[in-house]
Amino acid sequence: MSALPRPDLPPGPHRDLVAALHDLHHRAGWPSLRTLARDAGVSHTTVSKAFSTPTIPSWGTLELLVEAMDGDTATFLDLWLAATSPPDATTPTTPRIAGRTDELAAVRRHLETGSGLLLVTGEAGIGKTTLVTTAARTTDTFVATGRCLPLSTQVPLMPVIDLLRQVHDTEDGLWWDEAAGRCASYVTSTLGLLLPELGSTAAQTGDFARQRLFASLASVVTALADVRPLAILVEDLHWADSSTLDVLEHLLSHVAEARVLATYRTADPDVPGPTLDRIARLRLVAGPQSVGLEPLDRSGTREQLSLALGHAPDQALVDEIHTRTRGHPLFTAQLATAGPETLALGLAGMFDHRLRGLGPDGWAVARALGVADRALLPDALGEASGLALDRVLTVLHQLSDQWLLAPPDGAPTVSLRHPLIAEAIRRRLAPGEAGTLHRRVAEVLATGAEAEPGEIALHWCAAGDRQHEAVWRRAAAERAAARYAAREALDHWSRLLELWPAIDPDALGMSFAQALCRAIDAANSEGDFETEQRLAALAETVEGTPLERAVLLARAGDTRYMSGHEERGMALLDRALALHSALPPSPELVDCLSTHILFLNLQGRYGESDAAICRALEALDATGDDRGRPQILSWAAGRAMSEGDHELARRYADEARVVSAASGDPFAQLVATVTTTAMMLDLGAPVVEVDAAAAPALELVARWQITEYTSALLLANVCEAHLRAGDVDGAATVVGVDLVGEPDPTSYPLHVQRVLVAGLQGRLDEALVRIDELDRVRLNRDGNWLEAQSALALVELWAGLPARAAARLDETLAIVLPTDNAALAAMGTAWTARAHASLASGRSRTRRREAASRLRARRSAARVDPFGPRAVDVAAQAWGLVWQAELAVLEDRETVDGWTGAAACWDRLARPHDAAYCRWRAARVALRDGQGTVAARLLRRAATDAVQHVPLSRAIRATAEGGR
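So the number in the numbering used here is just where the residue sits in the sequence shown, counting from 1, plus 535.
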């Protein structure tokens, strides 16, 4: 084991005590934390705090540690007494920071007891880093730090990796091991993508992979904080990559006690607009906590000068410097050690003046640091500057004396004091000098064990070496994809495609077609549909091997279809499948067929879909690759249900569950469960059975914090089961009651169910506002969309808006009934009749009958009778009876028996609210016909069954009180 980290302490008795303890540790042979904890009878966390934090340990703990290392306890008692005695006037008693008393207290309070995000903001050089590092040094909370760099926007998750590695390396790995032991087994293997020292792991693929990583990060952060107080510090958030911002948003949303501190430069014109938007969203998620730093007042400047000079400055110097700097701390720090000739210079001019004073070796080291724009090890700095290591070390002392280097923080690396100094260095580079330096830095960084390809690629780009840049661009794109950083991956793939005409592709190890395919995938994952469409158009024209052409055509077909060009998309997929016909079965064929099946189902072309499903299952058997099998089996189960073969559907669904469980992929298990619960709804399974079937997958949703379309479908299915059982309260528990959050295609099914719950709870005005927002979401016109439109129309009907409901359903059925999806349209067709019957009230008999005739003609023209034997829903017969009863209203032949017959059918299906609606309608007819006793009996039963359905209960009560 090597030496343990030392806290950064000012000179004095406390530092003497810590130095003696570390010296004893060295002389004892550097025993590990585990060994010391065992021999002293304390926890390894206690041992680590005694060695590595600014807090003075109790004498009891210190005595045990000294004895465990065979030290002289009497000597250490004297040192401990000196360290804990009141200091004299010459010993620093407060953190070495000028002013900022209130700000320091606020930051420390957040690190010790706060939660959420605290932003420390201010202009460049105002003292943000000094404030947060001082606060971190003076708290018992472990502050894991990740620093964003100007180049880190091209390196996904760099600060996240840095802070994870810092925790992992603390306490000889014991803290990490204890926390990891509290997490599920997948966490360590997943985080191995970021920290290779955790053990190699294959990158996960598929829709769930990114969420797997984010859930693992949330899990390990929670576990680490349970073992020991933990806070996260992200420096220079304005330079963060989009994936780092995603991680922070996830942690702040899913880890209730997360303590995140970040510094953020204001008024920086170089910060991209999307980054500003993301940081604003972070502040909305975490709350508007911030500490804004302003320039120091005159007393603050005096204090800063005292710290810098080591003695109290005279008032004339304070006045002169404060007038010149206006309290800007970085400017003050530079002037404090500058000669009088620099007082007339601005901050940038001062840096230039200092750099001009460097000798050749000093300039060589400084420019290497300025071009690298990151911390470097001394030996790497020697290679980049062209100097021997001993000379580099000498020069570093000189640069430190010039206040050009960052103060030591315990790390073995060296960096410039401030980014403004790096900018000043780069401004002074002679023409051609930068390219050579960038090449050297790229070569040096490439030899490091923790090389980041994106950073290296940028240096090769600046050096003008396209071939080397291309090699590292590919590596950077693949690294970004492995970290699920789609934005960064897309940027690298796009740049590689731009470089292609100027490089030797043989040296790259991949073809243009392969790179283009990866770029399309990255654009799709990022949701950059404009770029995806542009790349897809290129894919249609690119040559390659038959397999490459098939893959590109499939990607292009997918993109074209999803952008609204359905005919063109299907034609491209047909061409891809034709190419596959002359090739051996492959995973690429399964992917192509999977896309084709989806689009065939969307178009209601189920016969062709059946053939494609069979071909996909044959390809899966031939390749032995089961990754796509759960999805194909789920579609097969759905098609068997549509054909009325319930036994075959169950077999497919069971096989999908078995395969998905064996895969260990929660997303595959989720897909299989969605299929099972949807099938159970179609078969009229009781709510308790649906709950039981969904429970394991819902546990996965909660554990992995899955928030994508499939999880929304599962929650919607379970909610629907409760609603059908008349359990509105239970449905609200499943999906929530708050109509908040911006609807999108991913969350749409969940929002629809919340609207339906709100409507049934009587919150109709809220629900209608939400429906307007949902109508702005662009969706595929599939069976899920059909059911959603029927549910939204039901809310509009209860809100007294039959015209709006009729328009919605007329448009929906015009799209659905000419296709095989008409087999799913029973509910929508029935509610259309209800909407038109309500609209026709008060109209002439002729117009009412014309409306009924149009509705009958629409049903007759449907490709599949929504109430016939090929209808999917077991409740199709009941919906058919409702449809007939509503048509009878239009045709002036409404009867009590028509409605009670439908109610009895709903009774058999255990659908109390639907039965109550029909009995209420029957009671109204009975009252019309003078059958008061019959009406009263029907209303009593309807009122019992309508419990938790507020609009229906109100209607029943109004009828009972008003006689109609």
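We put the beta carbon where it would ideally sit given N, CA and C, even for glycine.
In this structure, proline 589 places its C-beta atom within 9 Å of the C-beta atom of threonine 673.
In this structure leucine 955 does not touch glutamate 1004 by the C-beta definition: roughly 28 Å separates them, more than the 8 Å allowed. The continuous alpha helix (DSSP H) containing threonine 596 extends over residues 594-603.
With 16 or more other Cβ atoms inside 10 Å of its own Cβ, glutamate 1331 counts as buried. Remark: C-beta atoms of threonine 1245 and valine 1206 approach each other more closely than 9 Å. Around the beta carbon of cysteine 1127, 16 or more other beta carbons lie within 10 angstroms, which makes this residue buried. If one requires a minimum length of 3 residues, no beta strand (DSSP E) run lies completely within the stretch 858-935. Taking serine 1046 as reference, the option from Thr779, Asp1063, Gln1068, Ala1074 with the minimal CA-CA separation is Ala1074. Of the candidates Arg1259, Asp1279, Leu1285, Leu1285 places its Cα closest to the Cα of glycine 1271. In the DSSP assignment, valine 667 falls within the unbroken alpha helix (DSSP H) covering 663-672.
Proline 1401 and alanine 1358 do touch by the CB rule: their CB atoms are close to 7 Å apart, below 8 Å. DSSP, read as helix, strand or coil, puts arginine 800 in strand.
Cβ-Cβ distances below 6 Å link tryptophan 1441 to Ala1413, Asp1449, Ala1450 in the same chain, with the five nearest sequence neighbours on each side left out; the list follows chain order. Residue nearest to alanine 744 within the set Arg1090, Ala1471, Ala1017 is Ala1017 (criterion: CA-CA distance). With a contact defined as Cβ atoms closer than 8 Å, leucine 652 and isoleucine 696 miss out at about 20 Å.
With a contact defined as Cβ atoms closer than 8 Å, tryptophan 1333 and leucine 1303 miss out at about 10 Å.
Below 8 Å, enough C-beta pairs join the stretch 1472-1492 and the stretch 1260-1277 to call them touching: three or more. Just measuring C-alpha positions, the residue of Asp887, Phe611, Ala1054 sitting nearest alanine 1021 is Ala1054. As a beta-bridge residue in DSSP terms, glycine 657 pairs with Arg800. In this model, arginine 909 and proline 1201 are separated by some 39 Å (Cα to Cα). If you draw a 10 Å sphere on the C-beta of histidine 932, you find fewer than 16 other C-beta atoms in it, and that means exposed.
Nearest to histidine 994 by C-alpha distance, out of Gly983, Ala1010, Thr971, is Thr971.
Fewer than three Cβ pairs drawn from the stretch 804-814 and the stretch 655-669 lie within less than 8 Å of each other, which leaves the two stretches out of contact. Within the same chain, and ignoring the five residues on either side of tryptophan 938 in sequence, the residues whose Cβ sits closer than 7 Å to its Cβ are Ala868, Gln869, Thr872, Arg952. The three-state secondary structure of glycine 827, taken from DSSP, is strand. The Cβ atoms of aspartate 776 and valine 690 sit closer than 9 Å to each other.
Closest in C-alpha terms to glycine 1297, from the list Ala847, Ala1172, Leu1329, comes Leu1329. Pairing glutamate 829 with leucine 780, the inter-Cα distance amounts to about 26 Å. Linking tryptophan 1170 to glutamate 1255 through their CA atoms gives a straight-line distance of about 21 Å.
Remark: fewer than three beta-carbon pairs, one from each stretch, lie closer than 8 Å, so the stretch 1386-1397 and the stretch 1128-1137 are not flagged as touching. As computed with DSSP, phenylalanine 677 is found in a beta bridge with Leu765. Assignment of leucine 1444 by DSSP, reduced to helix, strand and coil, places it in the coil class. Under the three-state reduction of DSSP, leucine 951 is assigned to strand. Per the coordinates, the alpha-carbon of isoleucine 591 lies some 50 Å from the alpha-carbon of glutamate 968. By the criterion of a C-beta distance shorter than 6 Å, leucine 1248 is surrounded in its chain by Val1209, Pro1284, once the five residues flanking it on both sides are discounted. By the CB criterion at 9 Å, arginine 1454 and arginine 1476 fall inside the cutoff.
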